[in-house]
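Novice:
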Amino acid sequence: MRRPFIAGNWKMNTTRSEALDLVQGLRQALPHGNSVDVAVCPPSVYLAPVAAALEGSAIGLGAQNMYHESGGAFTGELSAAMLLDVGCRYVILGHSERRHILGESNEDVCRKVHAALTAGLIPIVCVGETLQEREAGKTSDIVAEQFFGSLAGVSVADASRVVIAYEPVWAIGTGVNATPEQAEEVHGNLRGILASRFGAAVADQVRIQYGGSVKADNAAELLAKPNIDGALVGGASLKAAGFAAIVQAAAS
Ligand code: PGA
Numbered sequence: 198m199r200r201p202f203i204a205g206n207w208k209m210n211t212t213r214s215e216a217l218d219l220v221q222g223l224r225q226a227l228p229h230g231n232s233v234d235v236a237v238c239p240p241s242v243y244l245a246p247v248a249a250a251l252e253g254s255a256i257g258l259g260a261q262n263m264y265h266e267s268g269g270a271f272t273g274e275l276s277a278a279m280l281l282d283v284g285c286r287y288v289i290l291g292h293s294e295r296r297h298i299l300g301e302s303n304e305d306v307c308r309k310v311h312a313a314l315t316a317g318l319i320p321i322v323c324v325g326e327t328l329q330e331r332e333a334g335k336t337s338d339i340v341a342e343q344f345f346g347s348l349a350g351v352s353v354a355d356a357s358r359v360v361i362a363y364e365p366v367w368a369i370g371t372g373v374n375a376t377p378e379q380a381e382e383v384h385g386n387l388r389g390i391l392a393s394r395f396g397a398a399v400a401d402q403v404r405i406q407y408g409g410s411v412k413a414d415n416a417a418e419l420l421a422k423p424n425i426d427g428a429l430v431g432g433a434s435l436k437a438a439g440f441a442a443i444v445q446a447a448a449s
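Heads up: the sequence shown at position 11 corresponds to 208 in this note's numbering, and the numbers run straight through without jumps.
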């Protein structure tokens with residue numbers, strides 16, 4: 198059985214005090230000792246204070262991005278070791294906003310995945326098609342291309358530590374989530390290509406999150422699907438009660 202994993206991607210939202218209030222709210226609202234892995238991914242300037250506020254809780258910390266080099270003259274960038282140093286366990290890589298707004302390629306994402314795994318971070322690797330690609334019937338090709346490109350050269354042993362997030366671009370921040378059937382179809386395909394690339398044991402172990410307009414009122418039906426192992430939540434992760442309700446849906 199794969200342990201469900203719900204992560205909140207706060208994106209470029211929250212002030213410092215909002216971030217700390219949100220952590221306080223989550224510490225109170227989240228069920229204790231449950232069977233779900235939970236993480237929050239605040240803006241990187243707030244990672245350290247959020248890590249301090251999370252101390253003693255079971256909520257993990259993740260970053261939203263990193264650079265693949267381990268150090269040096271890379272103005273504005275952060276290394277995997279730096280993220281670990283401030284308490285991160287996870288890092289979101291290849292989010293569609295980074296692919297489409299900031300121009301990251303599969304090769305860029307792949308270099309980051311290797312650096313994260315080498316350092317001991319768990320990468321949450323995002324894949325997903327645009328509306329145009331879906332309407333052109335290219336969803337499975339695009340998702341496979343991003344999957345193989347982003348995980349090129351990853352060993353079988355490392356692959357079992359990776360988390361995949363299927364996030365259709367048209368569902369992100371739009372209020373229009375993929376239906377459970379649409380999501381399950383892609384998740385099932387991803388499970389299949391995981392097996393072909395890394396073997397059945399790894400495919401069985403790797404968690405595939407769904408992301409894109411996940412909310413308290415649609416989480417349960419999405420998470421009920423056999424290949425949907427969790428959620429990467431944007432907007433709805435910014436309110437403690439709503440995020441806790443999604444975690445609750447994953448627990449039951
Ligand atoms: P959303 O964002 O939940 O606001 O659609 C999801 C994401 O981008 O990770």
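C-beta: ideal position from N, C-alpha, C; glycine also.
1. Taking the alpha-carbon positions, what's the alanine 238 to alanine 447 distance?
2. Please confirm whether any heavy atom of the ligand PGA lies closer than 8 Å to the CB of leucine 429.
3. Name the DSSP beta bridge partners of isoleucine 203, please?
4. What separation, rounded to the nearest whole angstrom, lies between the Cα atoms of threonine 327 and isoleucine 298?
5. Once you ignore the five residues that flank leucine 391 on each side, which residues in its own chain have a CB closer than 7 Å to its CB?
6. What's the C-alpha gap between leucine 275 and tyrosine 264?
7. Can you give me the Cβ contacts of histidine 229 inside the same chain, cut-off strictly under 7 Å, excluding the 5 residues immediately before and after it?
8. For the putative contact between serine 254 and valine 310, defined by C-beta atoms under 8 Å, what is the C-beta separation to the nearest angstrom?
9. Looking at the structure shown, is glycine 222 part of a helix, part of a strand, or coil, going by DSSP?
10. Would you list the one or two residues that DSSP bridges to leucine 290?
Specialist: In short, the structure shows the following:
1. For the purposes of this step, residue 238 is taken as residue 41 along the sequence shown, with counting starting at 1. For the purposes of this step, residue 447 is taken as residue 250 along the sequence shown, with counting starting at 1. With the sequence shown as reference, residue 238 is identified as cysteine, and alanine is not the correct amino acid for it. It is roughly 19 Å from the alpha-carbon of cysteine 238 to the alpha-carbon of alanine 447.
2. If you number the sequence shown from 1, residue 429 lands on position 232. At least one heavy atom of the ligand PGA is nearer than 8 Å to the Cβ of leucine 429, so yes.
3. By 1-based counting over the sequence shown, the position of residue 203 is 6. Val235, Ala428, per the DSSP bridge assignment.
4. In the sequence shown, counting from the first residue as 1, residue 327 sits at position 130. In the sequence shown, counting from the first residue as 1, residue 298 sits at position 101. So the alpha carbons of these two residues sit roughly 13 Å apart.
5. Within the sequence shown, residue 391 is the residue found at index 194, counting from 1. Val399, Ala400, Val403, listed in sequence order.
6. As a working mapping, residue 275 is identified with position 78 in the sequence shown. As a working mapping, residue 264 is identified with position 67 in the sequence shown. Spanning the two alpha carbons is a distance of roughly 6 Å.
7. Working through the sequence shown from its first residue, we reach residue 229 at position 32. Within the same chain, histidine 229 has no close Cβ partners at all.
8. Reading the sequence shown from its first residue, position 57 is the one you call residue 254. Reading the sequence shown from its first residue, position 113 is the one you call residue 310. The pair is not a contact, with the Cβ atoms about 27 Å apart (cut-off 8 Å).
9. Position 25 of the sequence shown, counting from 1, holds the residue named residue 222. If DSSP states are grouped into helix, strand and coil, glycine 222 belongs with the helices.
10. The count along the sequence shown starts at 1 and reaches residue 290 at position 93. Leucine 290 is bridged to Val322.
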